[in-house]
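Enquirer: Chains as they are written, first to last, in this note's numbering: chain A, 9 to 275; chain B, 1011 to 1335.
Here a beta-carbon is modelled for each residue, glycine too, at the ideal position from N, C-alpha and C.
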Amino acid sequence: MHFVVCAKQIPDPETPPSAFRIDEANNEVIPAPGISPVLSQFDGMAAEAALRIVEAAGEGKITVISLGQESAQAAIKQVLAMGADEGILLEDDALQGGDSYTTARTLAAAIEKLGDVDAVFCGRQAADWDMGQVGLGLAELLGWPSAIIAKDVQIENGAMHVQRVLADGFETVALPLPAVVTISNEIGDPRYPKLQQIMRAARKTVNRWSAEDLGLDPSTVGDAGARLKLERLFIPELGGDVEIMDGESAEEQAQQLATTLREAKIL
Amino acid sequence: MARNILVIGELDGGALSSTTAELVGGASRLADGGQVSVTLTGGGAGGQTDAAFAAGADRAFVSDDATFDEFRSDQWVAAAEQAIEQSGPDVILIAQSIVGRDLGPRLAFRRDTAVAMDCVSIEDSGGAFKATRPCYGGNAQATYAFATSPAIATVRAKSQEPLDPPREGASGEVVELSGAGASRSEIVGREAAVAEGLQLQDAPVVVSGGRGLGAPEGFGLVEELAEAIGTDKAAVGSSRAACDLGWYPPSQQVGLTGKVVTPDLYIAIAISGASQHMAGCSGSKTIIAINKDPEANIFKAARYGIVGDYKEVLPPLIEAVKNLE
Chain A
9 MHFVVCAKQI PDPETPPSAF RIDEANNEVI PAPGISPVLS QFDGMAAEAA
59 LRIVEAAGEG KITVISLGQE SAQAAIKQVL AMGADEGILL EDDALQGGDS
109 YTTARTLAAA IEKLGDVDAV FCGRQAADWD MGQVGLGLAE LLGWPSAIIA
159 KDVQIENGAM HVQRVLADGF ETVALPLPAV VTISNEIGDP RYPKLQQIMR
209 AARKTVNRWS AEDLGLDPST VGDAGARLKL ERLFIPELGG DVEIMDGESA
259 EEQAQQLATT LREAKIL
Chain B
1011 MARNILVIGE LDGGALSSTT AELVGGASRL ADGGQVSVTL TGGGAGGQTD
1061 AAFAAGADRA FVSDDATFDE FRSDQWVAAA EQAIEQSGPD VILIAQSIVG
1111 RDLGPRLAFR RDTAVAMDCV SIEDSGGAFK ATRPCYGGNA QATYAFATSP
1161 AIATVRAKSQ EPLDPPREGA SGEVVELSGA GASRSEIVGR EAAVAEGLQL
1211 QDAPVVVSGG RGLGAPEGFG LVEELAEAIG TDKAAVGSSR AACDLGWYPP
1261 SQQVGLTGKV VTPDLYIAIA ISGASQHMAG CSGSKTIIAI NKDPEANIFK
1311 AARYGIVGDY KEVLPPLIEA VKNLE
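1. Are the CB atoms of L1231/B and I1277/B within a distance shorter than 9 Å?
2. Check the Cβ-Cβ distances between H10/A and every residue of chain B, and say whether any is below 9 Å.
3. Is D1128/B near P1115/B, with beta carbons less than 9 Å apart?
4. Suppose you measure from the CA of A1089/B to the CA of G143/A; what does that come to, to the nearest Å?
5. Ordered along the chain, which non-local residues of its own chain (more than five positions away) have a Cβ less than 7 Å from that of I157/A?
6. In the DSSP assignment, what are the bridge partners of T1296/B?
7. Smallest Cα separation from Q86/A: which of A232/A, A55/A, V181/A, P153/A?
8. When Cβ atoms are compared, which residues of the segment 234–254 of chain A fall closer than 9 Å to chain D?
9. Since Q204/A is in the alpha helix (DSSP H), which residue starts that stretch and which ends it?
10. Do you know how far the Cα of G145/A is from the Cα of G230/A?
11. Applying a beta-carbon distance threshold of less than 7 Å, which residues of chain B neighbour P184/A?
12. Check G1148/B in the structure and name its three-state DSSP category.
13. Cβ of E22/A less than 9 Å from any chain B Cβ?
14. Using a C-beta to C-beta distance shorter than 7 Å, which residues of chain A count as neighbours of R1166/B?
15. Could you name the residues of chain A that A1126/B contacts, counting a contact when the two beta carbons are closer than 7 Å?
16. Considering only residues of the same chain and omitting the five flanking positions on each side of G255/A, which have a CB-CB separation below 6 Å?
17. Mapping the DSSP letters down to three states, classify F1156/B as helix, strand or coil.
18. DSSP has I1316/B in a bridge; who is on the other side?
19. Please report whether the beta-carbon of T1267/B lies at a distance below 9 Å from any beta-carbon of chain A.
20. What are the residues of the segment 1148–1165 of chain B that lie near chain A, defined by any Cβ-Cβ distance shorter than 7 Å?
21. So T1153/B and K1140/B are supposed to be a Cβ contact under 8 Å. How far apart are they, rounded?
22. Measure the CB-CB distance between G1182/B and G1293/B and report whether it falls below 9 Å.
23. Please determine whether the Cβ atom of S26/A lies at a distance below 8 Å from any heavy atom of the ligand SAH.
24. Can you tell me which of F1156/B, L1210/B, F1119/B, Y1146/B puts its alpha carbon nearest to the alpha carbon of E1133/B?
25. Using the beta-carbon of each residue, which ones in chain A are nearer than 8 Å to A1330/B?
26. If we count Cβ pairs, one from each stretch, closer than 8 Å, do we get three or more for the segment 1170–1178 of chain B versus the segment 1029–1049 of chain B?
27. In angstroms, rounded to a whole number, what distance separates the CA positions of Q1092/B and L115/A?
28. Cβ of F1071/B less than 9 Å from any chain A Cβ?
29. If you compare alpha carbons, which of G1023/B, K1310/B, Y1320/B, G1054/B is closest to P244/A?
30. Please name the residues in the segment 1301–1322 of chain B whose beta-carbon is closer than 7 Å to at least one beta-carbon of chain A, in chain order.
31. Would I1094/B and P1160/B qualify as a contact pair, given that the criterion is a beta-carbon distance under 9 Å?
32. What is the DSSP secondary structure of G233/A, reduced to helix, strand or coil?
33. Opposite P184/A in the DSSP bridges: which residues?
34. Locate the alpha helix (DSSP H) running through L122/A, then write down its first and last residues.
35. Using a C-beta cutoff of 9 Å, does Q1170/B count as contacting chain A?
36. Just the Cα atoms here: how many angstroms apart are I119/A and E239/A?
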């Protein structure tokens, strides 16, 4: 079995709101000083799901792929430290920027180049743009079936059994391999690599592929190929204008709040 | 400019879902005189065409095949493609639901176009369509222009208004869709959620407690407030910090890695308002914050607030709510 885990490096979503800044001229998030980027939380869970299957089966290879800049090596190394075997960084000026479409297209080309992949594990969404479409896009481009927002994944007799999270429960879906699955937080926290594993990961191979290596025309990937053009990134005006209950005592404030909610027809 | 819009409808217990009515209402405004079509698939779909026309649709693509009651990507994509081919939409709207999260990207890649997920507004700029959506866990919003057509958007529940009043008695064209086709995926099991009563995502009011409660017993008062509002209206949520401490079940966690809720009213008690928590509740219509720290981030998102210790504020608030007639 050969599994691919897709991993993205993102600004730390735990960044305090007061440190979250946007460069509106360039539609970019300004990295918060002193806060390092991290592996997108759901991608760590995707790695966890793949590792559990390999461990249960006692065999299998996991390749972690990241599309990003040089710094994304850290996200790859983290998944390697968790137990993945090899890494691939898709890094090239032509591949930078872009949208979910170009990301899926680039990752699909890498998976096709690997050639022998049985299943792809993605996070349910990247915790920066929160789109949640790269896994499905990959599946569509590769011509594979998929299931999303999984809390458990098993592989039995050449089929993937995915327990999907629904609004009112769970559903188990069987998919023929090869297939794509996206993992949700219900799977549980990803393992925390031990020091020895981190040291071992430093020696694992990380290959680097460019648009040319992938046979991709630069006009179809990165910013040039994007289909959703980001026009404006901004910090929204929150509900704001908070009205603080100004009664003298907690009792008065509580009564004031109840009355205000009734008058506003909220309660 | 007149535009053709296609809404991928969903049924809820055999009836037109409230989100579908919202999307059709939003579509009829966006269409600006163009045609609004809606797909209705699943058991009893044929009986919902009048509801769809009253909600603002001009044409309904219908299949009564109960196979559609369950979501299988391949079958829903094929049904949507039939409706697309017959209606030639400029825009396709889909709810940001269990169905839409899967169908939106699948359909966009199948039709060689693009989808913007979880949109809170869609506008026709005369040229390209534009969609605005929250990102970075609700810390930011992004507006995108679609470079390809049709523009596909999955839309957050309650972000569009249904027609008010509905067009009672309106009629429209009914087009039969073929039944569900082949599916590569097979549903082999189903399990209901263990939580009883009102589900967090369905509740019109969510009362949540955080680490500032100081001890798991604090959730007793949080639950009492929810009960005073009504067990049929209010559900209890928790911040991740409180769940991580084992004070409340993880199934009730609101936030980026928990449930995303969009109630009419969200009451945050002793919750600071970290980004990852706001990602789960910033779509609420009204937020109330009760926190002893006046600088807490939650007050920036709140409409009403009390600066004080929840132990002192909640008992009289519970009484005051009970006394509301």
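Expert: With the structure as the only source:
1. In this structure, L1231/B does not lie closer than 9 Å to I1277/B by Cβ.
2. Under the 9 Å criterion on CB atoms, H10/A is classed as non-interfacial with respect to chain B.
3. Contact: no.
4. Using only the alpha carbons, I get a separation of about 22 Å.
5. If we look at I157/A and ignore the five residues flanking it on each side, its Cβ neighbours are R132, R172, V173, T190, S192.
6. According to DSSP, residue pairing for T1296/B in a beta bridge involves L1275/B.
7. Cα-wise, what sits closest to Q86/A is A55/A.
8. Absent from the structure: chain D. Protein chains present are A and B.
9. From DSSP, the alpha helix (DSSP H) with Q204/A extends over 203–210.
10. In a straight line, the C-alpha of G230/A is about 16 Å away from that of G145/A.
11. Residues of chain B passing the Cβ test: R1194.
12. DSSP, reduced to helix, strand and coil, places G1148/B within a helical segment of the structure shown.
13. Among the CB atoms of chain B, one or more fall inside 9 Å of the CB of E22/A.
14. Per Cβ cutoff of 7 Å: no residues; R1166/B is ~11 Å from chain A at best.
15. Counting only Cβ-Cβ distances below 7 Å, A1126/B has contacts in chain A at L236, in chain order.
16. Q261, Q264, listed in sequence order.
17. DSSP, read as helix, strand or coil, puts F1156/B in strand.
18. DSSP output for I1316/B lists I1300/B as bridge partner(s).
19. Cβ-Cβ to chain A under 9 Å: yes for T1267/B.
20. Of all residues in the segment 1148–1165 of chain B, N1149, A1150, Q1151, A1152, T1153, Y1154, A1155, F1156, A1157, T1158 have a Cβ within less than 7 Å of some Cβ in chain A.
21. The C-beta distance from T1153/B to K1140/B rounds to 6 Å, short enough to meet the 8 Å contact threshold.
22. Contact flag unset, no.
23. Summarising the ligand content, the structure contains no ligands, and the ligand SAH is consequently not present.
24. E1133/B has its Cα closest to that of F1156/B, out of F1156/B, L1210/B, F1119/B, Y1146/B.
25. Chain order gives the chain A residues near A1330/B as A262, Q263, L265, A266, T267, where near means a beta carbon separation below 8 Å.
26. These segments touch.
27. C-alpha separation (whole angstroms): 29 Å.
28. Taking a beta-carbon distance threshold of 9 Å, F1071/B does not count as an interface residue toward chain A.
29. Of all alpha-carbon atoms in G1023/B, K1310/B, Y1320/B, G1054/B, the one lying nearest the alpha-carbon of P244/A is that of K1310/B.
30. Within the segment 1301–1322 of chain B, those residues whose Cβ lies closer than 7 Å to any Cβ of chain A are, in chain order, N1307, F1309, K1310, A1311, A1312, R1313, Y1314, G1315, I1316, V1317, G1318, E1322.
31. With contacts defined by Cβ atoms closer than 9 Å, I1094/B and P1160/B form a contacting pair.
32. Three-state result, G233/A: helix.
33. Beta-bridge partners assigned by DSSP to P184/A: A167/A.
34. Unbroken alpha helix (DSSP H) run through L122/A: 108–122.
35. At a cut-off of 9 Å between beta-carbon atoms, Q1170/B makes no contact with chain A.
36. Between I119/A and E239/A, the alpha-carbon positions lie close to 31 Å from each other.
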